[in-house]
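Engineer:
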Amino acid sequence: MWGGRFAEGPSAIMREINASIPFDKVLWQQDIDGSHAHVAMLAKQGIISSADAAQIDAGLAQVAAEFEADGVPEDWDLEDIHMTVEARLTELIGPVAGRLHTARSRNDQVATDFKLWVRGATDRALDGISALQQALVTRAGEHAQNVMPGFTHLQTAQPVTLGHHLMAYYEMLRRDASRFGDARARANECPLGAAALAGTGFDLDRAMTAEALGFAQPTANSLDTVSDRDFALDYLMAASQCALHLSRLAEELILWASQPFGFVRLPDSLSTGSSIMPQKKNPDAAELVRGHAGRIVGATTALMVTMKGLPLAYSKDMQDDKPPVFEAAGLLDLCLAAMEGMIGGAEFNTNRMRQAAGLGHATATDLADWLVRAANIPFREAHHITGAAVKLADSKGCTLEDLSLDDLKGIDTRLTEDVRAVLTLDASVAARCSYGGTAPDQVSAQVTAARRALGMEN
Ligand code: ARG
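Quick note on this note's numbering: the sequence shown kicks off at 125 and runs consecutively.
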């Protein structure tokens, strides 16, 4: 019925919808590595002759040299990187190239290539996380004593130290590194040799190819192997959680760099100006880290939805696994590097932070705790008495420390001059010396332990 109009159309559309070479060409190195491993194994097993294997090896090396020098040609008729490598190999060495694909399918090939790529991206993420952690730990060590307001509900809660605040992000990143490490360990099985879906009748040595490619062992079920993209999802989920952490840190830097806060000056090299307002310096890098987290989470969602309804084994939908992973990995690498630069180059205004920590009766809890300790008053009652002191200070427009002894006695006779010592910011943070607390001693101990864990000098 529509043949007249569509006679040429469908094949052009088919070429376009089918071609993955525009994005999977980045896998060329992994594809050639996998082929070297496969051909060596085929020769050792006597499946192809060593003379043929040597020719194929030399040809693959030449293809690699060409792609390295000139980039990968993009011919939609060749569909993907696997066919692109094989086609060039055939041009270079002739029909013997056809022996390379013995006992192999693009299905186990793509799973192998992609897993190798994701493993590299995982290692990059781990390096980027470590570099950012080192920056955080360095700054935390410098600011273990410096006081700032600690917030809950973004309302002043209790004073904390800046070092403690920065080390909170060190901890988040420690969990991120652990997640990437888990992902890497789970991805340590080699798909090569699963063939199209059912395995093969050729006498393969799958342990040999696994070892050659740096995997611990071959995968155990060929159907699962060609339909599994858990390794990509593991990467994306670890990346998403890491991106959420970076986004939260970015959000804090954006707030802190704003004039009403004035807690930090971000490096000029990671800020921009305004085309109209000459005074402006905008924290664009931080805003983009916050924004990119949305795209990374979106990439994760995209692949989960791609995979959710697929029957075993391979379906072409799975070709769509790569763009989200490539996008997320590129963004995550950038975000980690940008955050490292911002933390390393941030100038913290510690005077301003101290001043802000003195607002909002941040040491009220210390007053209540003193009543519990010095006068043996139940905490709930101490809370009530302290509330009255806060109310009085507010009505007088002063701080708790500024209340006179008469004022204090008027609230509760058990309050004495001694209470003043616990109301200062420094006394307040020093008192929070429980394990993991904000006291400078605790923070310094955490910094020392973190430096050791990161392999930094102490
Ligand atoms: N370009 C394909 C992909 O990325 C390679 C696997 C093709 N397999 C197939 N049976 N058509 O998934």
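Ideal Cβ placement from N, Cα and C applies to all residues, glycine included.
#1: Once the 5 residues before and after S558 are set aside, which same chain residues still bring their CB inside 8 Å of it?
#2: Reducing DSSP to helix, strand and coil, say where G244 ends up.
#3: Taking the alpha helix (DSSP H) that Q383 belongs to, which residues open and close that run?
#4: Here's a check: name, in chain order, each residue in its chain whose Cβ is nearer than 7 Å to the Cβ of L527, leaving out the five neighbours to either side.
#5: Quick check: G469 and P391, are their CB atoms within less than 8 Å of each other?
#6: Go through its chain and collect everything with a Cβ distance to P342's Cβ below 7 Å, but skip five positions before and after it.
#7: Out of H288, D247, E192, which has the shortest C-alpha to C-alpha gap to K149?
#8: Relative to ligand 1, is the shortest distance from any of its heavy atoms to the C-beta of R230 smaller than 7 Å?
#9: If you run the structure through DSSP and keep just helix, strand and coil, what is G133?
#10: Who are the near neighbours of W126 in its chain, counting only those whose CB is closer than 7 Å to its CB and skipping five residues on each side?
#11: So who's on the other strand from P273, going by DSSP bridges?
#12: Based on DSSP bridge pairs, tell me the residues matched to N406.
#13: Name the one or two DSSP bridge partners that L342 has.
#14: Taking the alpha-carbon positions, what's the L549 to H289 distance?
#15: Is it the case that the CB of D201 approaches a heavy atom of ligand 1 more closely than 7 Å?
#16: In three-state DSSP terms, what is R575?
#17: When you compare only the Cα positions, how much space is there between M580 and Q570?
#18: Leaving out five residues before and five after L483 in sequence, what residues of the same chain have Cβ atoms less than 8 Å from its Cβ?
#19: Between the alpha carbons of L456 and V413, how many angstroms are there, rounded?
#20: Please confirm whether F450 and A362 have their CB atoms less than 8 Å apart.
Structural biologist: In short:
#1: Q566
#2: helix
#3: Run containing Q383: none; DSSP gives neither H nor E here.
#4: A513, L516, A517
#5: yes
#6: E313, C314, G317, R330, A331, A334
#7: E192
#8: yes
#9: Caution applies to G133, whose pLDDT of 47 falls short of 50 and renders its modelled position unreliable; the value that the coordinates give is listed next. In the structure shown, G133 sits in a helix (DSSP, three-state: H, G or I).
#10: With a pLDDT of only 38 at W126, under 50, the local geometry of the prediction cannot be trusted, and the value read off the model is given with reservation. Excluding positions up to five away in sequence, the list is empty.
#11: P283
#12: T396
#13: The sequence given here places Pro at residue 342; Leu does not occur at that position. According to DSSP, which records beta bridges pairwise, P342 is partnered with C314.
#14: 16 Å
#15: no
#16: helix
#17: 13 Å
#18: P273, T280
#19: 9 Å
#20: no
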